[in-house]
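First comes the structure, then the notes that go with it.
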Amino acid sequence: MVPLSAYVAVSAILFMTGLLGVLIRRNFIIVLMSVEIMMNAANINLVAFSHYLESMSGQLVALFNIAIAAGEAAVGLAIIVVVFRGKISTNVDEINLLKW
Amino acid sequence: MMMSVFFAYFALMSIVAAALTVSLRHPVHCGLALLTLLLHVSGLFVLLNAEFLWAVQVIVYAGAILVLYLFVLMLLNLKTDERYFHSSYPYVIGPAAPGSLYVLYLLLQSPFEGAKGDAPASAILEGGDTYAVGIKMFSDYILQFEIVGIFLLGAIIGAIVLAKTPKAMEDAGGNR
Chain W
8 MVPLSAYVAV SAILFMTGLL GVLIRRNFII VLMSVEIMMN AANINLVAFS HYLESMSGQL
68 VALFNIAIAA GEAAVGLAII VVVFRGKIST NVDEINLLKW
Chain R
611 MMMSVFFAYF ALMSIVAAAL TVSLRHPVHC GLALLTLLLH VSGLFVLLNA EFLWAVQVIV
671 YAGAILVLYL FVLMLLNLKT DERYFHSSYP YVIGPAAPGS LYVLYLLLQS PFEGAKGDAP
731 ASAILEGGDT YAVGIKMFSD YILQFEIVGI FLLGAIIGAI VLAKTPKAME DAGGNR
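Chains W and R, in that order, give the protein sequences. Residue 8 is where the first sequence starts when you use the numbering used here, and the numbers rise one by one after that. Residue 611 is where the second sequence starts when you use the numbering used here, and the numbers rise one by one after that.
Rendered as structure tokens:
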């Protein structure tokens, strides 16, 4: 039997990898992919606790999380298309119009 | 024993795929590594008796979201940057590595005890996971279900408004 802490450790490692990707990558699309990695890590955590604490709520929240990830991907990629049309770049260092 | 072997495979492949997604140079390769990650995470869901989430993960994540990413990647036809990491990434990784190890150490220490809910694995297996999720979603979580529906509608409208071509917007302005 796999202990719960093993799932939590996998989830934590995946979350840190995603966070690292958000912080160090310069391509906007890869940054969004890293956010997806972080959402998957959260889903593993929710489902693992749902299984080990014998409650359905974790699976339901993970399901809503997947729906929200779909919306986030659609809006984020639309923003990328708009930015790319104006600047011909998806480098996050060059997208600094709102920076003060 | 069998569970441990499968868990080790899915966990290791997920971590390797996540590391590749973050570190590969070409964006399309990153997308394929992300696909590997999503499929192995769905394998972890099967090990946790969440078959419905496995199906949703494969259909929605790997089938819809990832195709959207690859579609935008192909549409934009990005050139690969010579310097594809942020210039200060050693300063990020330096404190991140010991911090991550400390967080992992704390997590593995915790016993994770809590109040048990009303859905043990045997009760879920009786009618199937999809049945259990459906009963729970349309009884206790009906408000959240409606909120997610409204959220998705807003996201669709927002994406369409954002991605509309400027020429079409000028035409719409001229007609007014």
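Virtual Cβ for every residue (Gly too), placed ideally from N, Cα, C.
Under 9 Å between the Cβ atoms of residue i and residue j?
i, j, result
"residue 869 of chain R", "residue 668 of chain R", "The structure shown does not extend to residue 869 of chain R, since chain R is modelled only from 611 through 786, so no value can be given for it."
"residue 9 of chain W", "residue 613 of chain R", "yes"
"residue 643 of chain R", "residue 77 of chain W", "no"
"residue 733 of chain R", "residue 57 of chain W", "no"
"residue 50 of chain W", "residue 73 of chain W", "yes"
"residue 641 of chain R", "residue 683 of chain R", "yes"
"residue 715 of chain R", "residue 84 of chain W", "no"
"residue 665 of chain R", "residue 63 of chain W", "no"
For chain W, find out if any of its Cβ atoms is closer than 9 Å to the Cβ of residue i; answer yes or no.
i, result
"residue 631 of chain R", "yes"
"residue 708 of chain R", "no"
"residue 793 of chain R", "A query on residue 793 of chain R cannot be resolved here, the shown segment of chain R reaching from 611 to 786 and no further."
"residue 785 of chain R", "Bear in mind that the predicted position of residue 785 of chain R carries a pLDDT of just 48, short of 50, making it too unreliable to give a figure here."
"residue 753 of chain R", "no"
"residue 735 of chain R", "no"
"residue 764 of chain R", "yes"
"residue 738 of chain R", "no"
"residue 699 of chain R", "yes"
"residue 704 of chain R", "no"
Report the residue from the options whose alpha carbon sits nearest the alpha carbon of residue i.
i, options, result
"residue 96 of chain W", "W/71, W/28, W/35 and W/44", "W/35"
"residue 647 of chain R", "W/25, W/13 and W/103", "W/25"
"residue 14 of chain W", "R/698, R/756 and R/651", "R/651"
"residue 71 of chain W", "R/672, R/758, R/727 and R/753", "R/758"
"residue 697 of chain R", "W/80, W/39, W/30 and W/11", "W/30"
"residue 774 of chain R", "W/11, W/101 and W/90", "W/90"
"residue 750 of chain R", "W/82, W/66 and W/98", "W/66"
"residue 753 of chain R", "W/93, W/27 and W/68", "W/68"
Indicate whether at least one CB of chain R lies closer than 9 Å to the CB of residue i.
i, result
"residue 103 of chain W", "no"
Checklist entry - Relative to chain R, which residues along the segment 75-95 of chain W have a C-beta separation below 8 Å, given in chain order? => result Only 75, 76, 77, 78, 79, 80, 81, 82, 84, 85, 86, 87, 88, 89, 91 and 92 from the segment 75-95 of chain W bring a Cβ to less than 8 Å from some Cβ of chain R.
Checklist entry - Of all the residues that make up the segment 672-685 of chain R, which are near chain W by a beta-carbon distance shorter than 9 Å? => result Under the 9 Å Cβ criterion, the segment 672-685 of chain R contributes 674, 675, 676, 678, 679, 681, 682, 683 and 685.
Checklist entry - So does the segment 18-33 of chain W actually touch the segment 708-728 of chain R, counting three or more Cβ pairs closer than 8 Å? => result The segment 18-33 of chain W vs the segment 708-728 of chain R: in contact.
Checklist entry - Touch check for the segment 41-49 of chain W and the segment 720-730 of chain R: three-plus C-beta pairs under 8 Å? => result no
Checklist entry - Which residues, taken in chain order from the segment 653-669 of chain R, show a beta carbon closer than 9 Å to some beta carbon of chain W? => result 654, 655, 657, 658, 659, 660, 662, 663, 666 and 667
Item to check | Within 8 Å of chain R by C-beta, residues of the segment 8-23 of chain W in sequence order | outcome: 8, 9, 11, 12, 13, 14, 15, 16, 17, 19, 20, 21 and 23
Checklist entry - If you measure beta-carbon to beta-carbon, which residues of the segment 716-729 of chain R are closer than 8 Å to chain W? => result 717, 718, 720, 722, 724, 725, 726, 727, 728 and 729
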